[in-house]
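Inspection log for the structure reproduced underneath, given as structure tokens.
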Amino acid sequence: MIKATFTKDAKGWSEMTIAGHSGSGEYGFDVICASVSMLTLNFANSIEKLTGIEPGLELVDDGGFLRIAKPQGFSPDQEQVWQTLFASVVIGIENLAENAKNYVQQPVIK
1 MIKATFTKDA KGWSEMTIAG HSGSGEYGFD VICASVSMLT LNFANSIEKL
51 TGIEPGLELV DDGGFLRIAK PQGFSPDQEQ VWQTLFASVV IGIENLAENA
101 KNYVQQPVIK
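Residues 1 to 110 (full-length UniProt numbering) make up the sequence shown, in order.
Quick look at the structure:
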């Protein structure tokens with residue numbers, strides 16, 4: 001089961017943690033895990049590309065763990081990019097949880 005936790009601070013979204021494996025298919029062919037990986041890693045890559053600042057990233061492939069944290073020093077425009085793209089990931093994970101309940105839990109927002 002994939003579990004996502006999204007955290008907010010005073011400015012909005014600040015960190016995401018994704019843990020676990022969906023178990024919906026054979027390793028390397030699991031479309032649910034691939035979907036979550038694509039959503040989250042595209043987010044991290046897009047943040048770096050569009051803001052010029054690399055987000056904090058912690059990845060443990062073997063255990064199915066990813067944490068992406070907002071870096072310090074964003075300008076107001078960079079903050080807007082972060083917030084917009086982060087909201088897109090939240091929507092994507094919520095949709096997966098809705099449509100693949102056996103493999104993705106509804107995200108925790110704190």
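Ideal placement from N, C-alpha and C gives every residue a C-beta, glycine not left out.
In or out: residue i buried (at least 16 other Cβ within 10 Å) or exposed?
i       : result
Phe-86  : buried
Tyr-103 : buried
Ala-4   : buried
Ile-38  : A quick correction: the sequence has Met, not Ile, at residue 38. By the 10 Å Cβ count, Met-38 comes out exposed.
Would DSSP call residue i helix, strand or coil?
i      : result
Ala-19 : strand
Ala-44 : helix
Glu-54 : coil
Phe-86 : helix
Ala-69 : strand
Ala-10 : coil
Ala-4  : strand
Smallest Cα separation from residue i: which of the options?
i      : options                        : result
Pro-71 : Leu-96, Ile-47, Phe-6, Asn-102 : Ile-47
Ile-32 : Ala-97, Asn-42, Leu-66         : Ala-97
Asp-61 : Glu-79, Ile-18, Gln-83         : Ile-18
Gly-23 : Val-36, Glu-58, Leu-57         : Val-36
Ile-2  : Gly-20, Ala-34, Gly-52, Lys-8  : Gly-20
Lys-49 : Ala-34, Ile-68, Leu-59, Val-81 : Val-81
If I'm right that residue i touches residue j with Cβ under 8 angstroms, what's the distance once you round it to whole angstroms?
i      : j      : result
Thr-40 : Val-89 : 6 angstroms
Arg-67 : Glu-79 : Not a contact, Cβ separation roughly 19 angstroms.
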